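Undergrad: Dumping the structure here so I can ask a few things about it.
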Amino acid sequence: MEMETEAIEVTSMDLYSLDYNDTTQPATMAAGPNFNLAEVILWGCLSCFIFLTNTTMLLIIAISKRMWMPTSLILCSMFISSIIYSILYILPQQILRYYFPVTWICSIFSLFEIAFIMCLNLHLFAISFEKYSAVVSPLKYRLYSSRYKHYLIILLVIWLIAVFISILPIAISGSIDVQRCSLPPLQIVYFIIYLALVTLFLYFLPLMILLVTSVKVGLVFKCGRGLRYYRSKSLSLTRFKRYYRDYRNNLYLLCIYVVFVLPYIIALLHQSIIASQQYWGMTISQIDPSLHVFILRMIALFYVALNPLIMSYYNVTLKLALLDFLGKTPMRPIFWGKMHDLNLVREMSVQNSSQRERTTTTTAIVIAETDMKDLTNSKSVSQTSQRK
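Listed below in structure tokens is the structure:
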């Protein structure tokens, strides 16, 4: 009877950080017996790597005129969220806590990780769904893809959702337990419902939508109906193939994201089930999830550092901007991406041919103007001689 009325306490570090260190110790933890130099070095390198890659790509977008378009706002927002995550979460929670009291830091950012994962997922979903709309409704896509207001509204919704799922447990709890640097006790039933709803609606549901839409686009393109359909909408087949290629590349990006992050999400749910064993009065699993959850967490966070590099591999425009930043000749493909990137060579050849046409046209105009001047001068000379 006592177990039915007992509320199981789950701290925020148990819920979201999933760290295998003891979370019941006071927040004034300094370098001592629990100090792990290898862990500090690992988290420090990961934080620096995330900051370096995302900052570099953000600067490339800022200085490259190729990327000055409304669609780049989603990439900028995603890179900025990764930079904020590396500075405001990894360093305070995993490195700086060994050296001085960080009660206020982990009290504020204790729920930051789950919000960031869902924020990253929504950014990738927005990018993929944008490419899907370009294939399905190309004319509407060309209309709103040039409007900054449209993308600003999308980003505002994404960030509001991330903030909402971060502060909701704190708002329900009402206060913060500053002694253990964690949230006050929550009933495990509420926690499981909250975690399941967040994971379902912000992780699995977007993935299922993209899976259905990808099958639809693949069937339309494979059955040969694309040419007739898009010609009826005054869209060239070349533009349609480019839209389809961009959508396919973004699906590759999404698959890579799922491979890196999905095991960590499953481990998160697994640990919540293990934490509820005492509440339900039964033993579900005897496996301690601490170590393998930590490993899966590191793999998921390593994706955050690789994400800008993967984006530059599959995004042709971002790849060209990166080549311009590195000072490489576009007509001489380097190791970045495929050695014979047909998309890159095709775009460069089109640019070079158009440049040659402009040069030829300019030369012809100059020659014609020179001939006209010579003809006018010869006529004036002949008229003068006749008068004499």
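For the sequence shown, the residue numbers in numbering that gives the first Met the number 0 are 0 to 387.
Even for Gly, the Cβ is constructed at its ideal location relative to N, Cα and C.
Everything numeric in this text was worked out from a predicted model, so none of it was measured.
Consult DSSP for Arg146 and reduce its assignment to one of helix, strand or coil.
TA: Correct three-state label for Arg146: coil.
Undergrad: According to DSSP, is Gly31 helix, strand or coil?
TA: With a pLDDT of only 41 at Gly31, under 50, the local geometry of the prediction cannot be trusted, and the value read off the model is given with reservation. In this structure, Gly31 counts as coil in the three-state DSSP scheme.
Undergrad: Kindly indicate the opening and closing residues of the alpha helix (DSSP H) around Trp42.
TA: Looking at the DSSP string, the run of the alpha helix (DSSP H) that includes Trp42 is Leu36 to Ile62.
Undergrad: Out of curiosity, what's the CA-to-CA distance linking Pro91 and Ala266?
TA: Rounded to the nearest angstrom, the two C-alpha atoms are 23 angstroms apart.
Undergrad: Using a threshold of 8 angstroms, state whether the C-beta atoms of Ala397 and Ile153 are closer than that.
TA: Outside the displayed range of the chain (0 to 387) lies residue 397, so it cannot be described from this structure.
Undergrad: Out of Asn314, Val214 and Asn306, point me to the one whose CA is closest to Ile79's CA.
TA: Comparing Cα-Cα distances from Ile79 to each of Asn314, Val214 and Asn306, the minimum goes to Asn306.
Undergrad: Hey, how far is the Cα of Leu87 from the Cα of Met117?
TA: Their Cα atoms are separated by approximately 17 angstroms.
Undergrad: I believe Tyr131 touches Val214 by the beta-carbon criterion, under 8 angstroms. Please report the beta-carbon distance rounded to the nearest angstrom.
TA: 11 angstroms between Cβ atoms; not a contact.
Undergrad: Where do the ends of the alpha helix (DSSP H) carrying Leu123 lie?
TA: Run containing Leu123: Phe111 to Val135, per the alpha helix (DSSP H) assignment.
Undergrad: Using 8 angstroms as the threshold, is the stretch 35-42 in touch with the stretch 60-80, meaning 3 or more CB pairs across them?
TA: Result no; under three Cβ-Cβ pairs closer than 8 angstroms.
Undergrad: In whole angstroms, give me the CA-to-CA distance for Leu194 and Asp323.
TA: Distance between the alpha carbons of Leu194 and Asp323 is about 44 angstroms.
Undergrad: Closer than 8 angstroms by C-beta to Ile298: which residues in its own chain qualify, once you throw out the five before and the five after it? Chain order, please.
TA: The residues are Phe259, Pro262 and Tyr263.
Undergrad: Measure the CB-CB distance between Ser127 and Leu209 and report whether it falls below 8 angstroms.
TA: Cβ distance < 8 angstroms, so Ser127 and Leu209 count as in contact.
Undergrad: Give me the residue from Leu123, Leu268 and Leu51 with the minimum Cα distance to Ile83.
TA: Per the Cα distances, Leu51.
Undergrad: Could you check the C-alpha separation between Arg65 and Ser76 for me, to the nearest Å?
TA: For Arg65 and Ser76, the distance between alpha carbons rounds to 17 angstroms.
Undergrad: Give me the Cα-Cα distance between Leu196 and Gly326, rounded to the nearest whole angstrom.
TA: Approximately 47 angstroms between the Cα atoms of the pair.
Undergrad: Taking C-alpha atoms, which residue in Cys254, Trp67 and Ala114 lies nearest to Leu167?
TA: Of the listed residues, the one whose Cα sits closest to Leu167 is Ala114.
Undergrad: Near Ser311, what residues of its chain come up, given a Cβ to Cβ distance below 7 angstroms and the 5 sequence neighbours on each side ignored?
TA: Excluding residues within five positions, the ones whose Cβ falls inside 7 angstroms are Met56, Leu317, Lys318 and Leu321.
Undergrad: Please report the distance separating the alpha-carbon of Leu72 from that of Thr54.
TA: If you take the alpha carbons of Leu72 and Thr54, they lie about 15 angstroms apart.
Undergrad: Tell me whether the beta-carbon of Tyr302 lies closer than 8 angstroms to the beta-carbon of Leu123.
TA: No; because the gap between Cβ atoms is not below 8 angstroms, this pair is not in contact.
Undergrad: Identify the continuous alpha helix (DSSP H) that holds Ser76 and give its terminal residues.
TA: Unbroken alpha helix (DSSP H) run through Ser76: Ser71 to Tyr84.
Undergrad: Do you know offhand how far Trp158's Cα is from Lys148's?
TA: One C-alpha to the other measures close to 15 angstroms.
Undergrad: Hey, would you say Ala253 sits closer than 8 angstroms to Ile309, going by beta carbons?
TA: Going by the sequence as given, residue 253 is Leu instead of Ala. It is not a contact, given that the beta carbons lie outside the stated cut-off.
Undergrad: Roughly how many angstroms separate the alpha carbons of Glu129 and Leu250, rounded to a whole number?
TA: Approximately 12 angstroms between the Cα atoms of the pair.
Undergrad: In whole angstroms, what separates the C-alpha of Arg146 from that of Ile160?
TA: Distance between the alpha carbons of Arg146 and Ile160 is about 23 angstroms.
Undergrad: Please report the straight-line C-alpha distance between Phe200 and Val156, rounded to a whole angstrom.
TA: If I take the Cα positions, the gap works out to 14 angstroms.
Undergrad: Just the Cα atoms here: how many angstroms apart are Met68 and Asn35?
TA: For Met68 and Asn35, the distance between alpha carbons rounds to 46 angstroms.
Undergrad: Cutting at 7 angstroms between CB atoms, please list the residues of its own chain near Asn120, excluding the five before and the five after it.
TA: Around Asn120: Leu201, Tyr202 and Pro205.
Undergrad: What does the alpha-carbon distance come out to for the pair His291 and His269?
TA: Taking the straight line joining both Cα atoms gives about 11 angstroms.
Undergrad: I need the straight-line Cα distance from Thr70 to Ile294, nearest angstrom please.
TA: Between Thr70 and Ile294, the C-alpha separation is close to 34 angstroms.
Undergrad: Can you look up Trp67 in the DSSP assignment and give me helix, strand or coil?
TA: DSSP places Trp67 in coil when its eight states are reduced to three.
Undergrad: Going by alpha carbons, who is nearest to Leu151 out of Leu74, Asn248, Ala304 and Tyr243?
TA: Of Leu74, Asn248, Ala304 and Tyr243, the residue nearest in Cα terms is Leu74.
Undergrad: Taking the alpha-carbon positions, what's the Val211 to Asn248 distance?
TA: Rounded to whole angstroms, Val211 to Asn248 spans 16 angstroms at the Cα level.
Undergrad: Does DSSP put Asn306 in a helix, a strand or coil?
TA: Three-state result, Asn306: helix.
Undergrad: Taking the alpha carbon of Glu112 as the reference point, which residue from Ile192, Lys139, Ser165 and Pro137 has its own alpha carbon closest?
TA: Here the closest residue by C-alpha is Ser165.
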